[in-house]
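S.K.: The structure follows.
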Amino acid sequence: MFTSLINSNINDSFKESIFNGLSPDGSLYFPKKINALKDIIFNITSLSNKEIGFLVMKDFVNDEIPERKLKSIINNTINFDFPLKNIDSNIFSFELFHGPTLAFKDVGASFLANSLEYFTENNILNILVATSGDTGAAVAESFHKKKNINVIVLFPKGKISSFQQKQISTKGDNIHAVEIDGSFDDCQTLVKKAFNDKDLRKNINISSANSINVGRWLPQIIYYFILYKELKKNGVKSKISISVPSGNFGNICAGFMAQKMGLNFDKIISSTNINDTIPRYLSSGVFSPNETQRTISNAMDVSIPNNFPRIEKIFENNFKKLSNNLIGEKVNEIETKEEIKYTFEKSKYILDPHGAVGLVGLKRNLGKNQTGVFFETAHPIKFIDSINQILNIKQDYFDVETNFKNNEFINSIDNNYPSLINFLKKIN
Numbered sequence: 014m015f016t017s018l019i020n021s022n023i024n025d026s027f028k029e030s031i032f033n034g035l036s037p038d039g040s041l042y043f044p045k046k047i048n049a050l051k052d053i054i055f056n057i058t059s060l061s062n063k064e065i066g067f068l069v070m071k072d073f074v075n076d077e078i079p080e081r082k083l084k085s086i087i088n089n090t091i092n093f094d095f096p097l098k099n100i101d102s103n104i105f106s107f108e109l110f111h112g113p114t115l116a117f118k119d120v121g122a123s124f125l126a127n128s129l130e131y132f133t134e135n136n137i138l139n140i141l142v143a144t145s146g147d148t149g150a151a152v153a154e155s156f157h158k159k160k161n162i163n164v165i166v167l168f169p170k171g172k173i174s175s176f177q178q179k180q181i182s183t184k185g186d187n188i189h190a191v192e193i194d195g196s197f198d199d200c201q202t203l204v205k206k207a208f209n210d211k212d213l214r215k216n217i218n219i220s221s222a223n224s225i226n227v228g229r230w231l232p233q234i235i236y237y238f239i240l241y242k243e244l245k246k247n248g249v250k251s252k253i254s255i256s257v258p259s260g261n262f263g264n265i266c267a268g269f270m271a272q273k274m275g276l277n278f279d280k281i282i283s284s285t286n287i288n289d290t291i292p293r294y295l296s297s298g299v300f301s302p303n304e305t306q307r308t309i310s311n312a313m314d315v316s317i318p319n320n321f322p323r324i325e326k327i328f329e330n331n332f333k334k335l336s337n338n339l340i341g342e343k344v345n346e347i348e349t350k351e352e353i354k355y356t357f358e359k360s361k362y363i364l365d366p367h368g369a370v371g372l373v374g375l376k377r378n379l380g381k382n383q384t385g386v387f388f389e390t391a392h393p394i395k396f397i398d399s400i401n402q403i404l405n406i407k408q409d410y411f412d413v414e415t416n417f418k419n420n421e422f423i424n425s426i427d428n429n430y431p432s433l434i435n436f437l438k439k440i441n
């Protein structure tokens with residue numbers, strides 16, 4: 014069962030939660046109960062990644078999806094590797110980008126798409142999603158040609174990489190790429206307005222595929238259990254610090270959920286780019302978002318992270334507990350580029366800009382007798398223009414299929430709510 018962050022009297026099922034996106038009071042859903050998984054942790058090296066995924070998710074789904082079907086969904090979701098690569102003496106890169114769209118969003122998007130398809134009957138469902146790049150691509154891939162589901166992907170014009178844009182705009186069929194002249198936060202605001210529009214929801218069936226949706230957020234917990242297994246297999250016994258490149262804070266929030274479920278990490282670091290609302294909040298106690306600034310780590314160009322209230326909930330809305338457990342690091346553009354260059358020269362390892370931010374944040378907090386892990390959340394080829402400028406490496410350096418067979422088709426709407434409403438009416 015799932016409750017609301019602001020109303021504990023709400024008790025909605027998994028199905029209701031993933032279809033609603035937001036709870037009826039407009040806030041985020043949160044699990045009513047979080048079970049410890051001690052048996053899984055004890056036996057983790059003997060489990061496959063798919064078995065781990067099933068065991069992590071089954072308590073959240075309860076019996077709403079039969080066990081056999083849930084295993085099938087997990088098998089379709091966890092169908093690629095998650096390598097842990099040692100790039101320095103005590104530093105590992107945890108690569109989450111080996112899925113179909115080369116980004117960590119593939120797991121959550123696939124799980125949500127397959128769950129919604131299982132529950133969807135004859136009514137048309139409209140999936141509204143705002144993206145700063147990788148979410149839109151993962152959602153477009155996972156929901157493409159799903160029966161009775163339209164997908165509307167809002168993205169800020171000119172502020173995602175050309176590779177990311179093509180991943181969204183060349184699908185066609187039930188995938189609608191929609192650009193607006195604004196920021197990612199503007200896209201998120203439009204999506205939130207739609208979810209809080211009761212008149213709209215009476216006439217058009219909508220849900221979300223952003224990480225506000227528990228069906229996309231919770232599967233990210235699986236990463237941390239797989240990471241724990243890989244560290245044990247590598248014989249790591251020292252204290253473990255994790256650095257997560259953070260934009261909307263869904264991934265790192267999943268890390269704290271994994272801790273609630275029994276995993277033990279010494280430090281969890283949220284590494285942001287210059288859009289540093291949370292690092293400033295953790296040091297000052299004042300939540301004061303600035304205007305979003307564009308960076309080469311564009312998936313983190315977020316000033317108001319949607320999932321942060323869930324992290325506050327985990328720490329009982331107690332700022333002292335929160336600030337004692339979450340480390341915030343701001344990494345600027347120069348530091349990001351220098352880390353990409355340094356790591357390639359030292360280890361011949363190519364970081365993407367987001368992973369570079371994570372690695373800088375990790376290095377600032379790593380003790381001598383600790384093991385550090387940073388999350389590599391996207392393949393560097395998705396940011397080839399930046400990588401080429403920094404390392405003089407071109408696209409053909411990578412053994413990755415990059416040919417998009419279809420032409421791009423992009424819908425442009427004004428940066429206001431009536432324009433979004435008109436577009437939704439047009440396709441329904």
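Convert by adding 13 to the 1-based position in the sequence shown; the result is the number in my numbering. Every residue gets a Cβ at the ideal spot worked out from N, C-alpha and C, and that includes glycine.
Pull up the CB-CB distance for I309 and E346, whole angstroms please, since I reckon it's below 8 Å.
M.R.: Confirmed, Cβ separation roughly 7 Å.
S.K.: When you compare each of L335, I54, N56 and D72 to K45 by their alpha carbons, which one comes out closest?
M.R.: D72
S.K.: Compute the Euclidean distance between the alpha carbons of K376 and P258, then round it to the nearest angstrom.
M.R.: Taking the straight line from one Cα to the other gives about 13 Å.
S.K.: Just the Cα atoms here: how many angstroms apart are L437 and F417?
M.R.: 27 Å
S.K.: In the DSSP assignment, what residue or residues form a beta bridge with Y42?
M.R.: S17
S.K.: Taking the beta strand (DSSP E) that F388 belongs to, which residues open and close that run?
M.R.: Q383 to E389
S.K.: Where does the unbroken beta strand (DSSP E) through S254 begin, and where does it stop?
M.R.: K252 to P258
S.K.: Taking a contact to mean a Cβ-Cβ separation below 9 Å, would you say I456 touches G385 in this structure?
M.R.: As shown, the chain starts at 14 and ends at 441. That puts residue 456 outside it, with no answer to give.
S.K.: From I47, D25 and S59, pick the residue whose C-alpha is nearest to that of P37; which is it?
M.R.: D25
S.K.: Tell me where the alpha helix (DSSP H) around F376 begins and ends.
M.R.: Checking the displayed sequence, the identity of residue 376 turns out to be Lys instead of Phe. Its alpha helix (DSSP H) spans residues P366 to K376.
S.K.: Find out if the Cβ-Cβ distance for the pair T16, F55 is shorter than 9 Å.
M.R.: no
S.K.: In the segment 338-364, which residue ranges form an unbroken alpha helix (DSSP H) of at least 4 residues, counting only runs that do not cross its ends?
M.R.: 346-360
S.K.: Apply the 10 Å Cβ neighbour rule to K184 and answer buried if 16 or more other Cβ atoms are within range, or exposed otherwise.
M.R.: buried
S.K.: Please state the DSSP three-state secondary structure of S145.
M.R.: In the structure shown, S145 sits in coil (DSSP, three-state: anything other than H, G, I, E or B).
S.K.: By Cβ distance below 6 Å, which residues in the same chain neighbour T356 in space, the five residues on each side in sequence not counted?
M.R.: Scanning its chain for C-beta atoms nearer than 6 Å, with the 5 sequence neighbours on each side dropped, one finds around T356 the residues Y362 and L364, in chain order.
S.K.: According to the Cβ coordinates, are T285 and V370 closer than 9 Å?
M.R.: yes
S.K.: Can you tell me the Cα-Cα spacing of A153 and K160, whole angstroms?
M.R.: 14 Å
S.K.: Opposite N424 in the DSSP bridges: which residues?
M.R.: V191
S.K.: Give me whichever residues DSSP pairs with A98 in a beta bridge.
M.R.: For the sequence presented, residue 98 should be read as Lys rather than Ala. In the DSSP output, where bridge partners are listed per residue, K98 has S106.
S.K.: Check for me: the beta strand (DSSP E) holding V120 runs from which residue to which?
M.R.: From DSSP, V120 is part of no beta strand (DSSP E) but of the alpha helix (DSSP H) over K118 to F132.
S.K.: Per the contact definition of three or more C-beta pairs closer than 8 Å, is the segment 216-226 in contact with the segment 27-41?
M.R.: yes
S.K.: Expressed to the nearest angstrom, what Euclidean distance is found between the alpha-carbon atoms of I397 and K407?
M.R.: 7 Å
S.K.: To the nearest angstrom, how far is it from the Cα of N89 to the Cα of F124?
M.R.: 8 Å
S.K.: Quick check on Q402: buried or exposed, where buried means 16 or more other Cβ atoms within 10 Å of its Cβ?
M.R.: An exposed status is given to Q402, since fewer than 16 other beta-carbon atoms sit within 10 Å of its beta-carbon.
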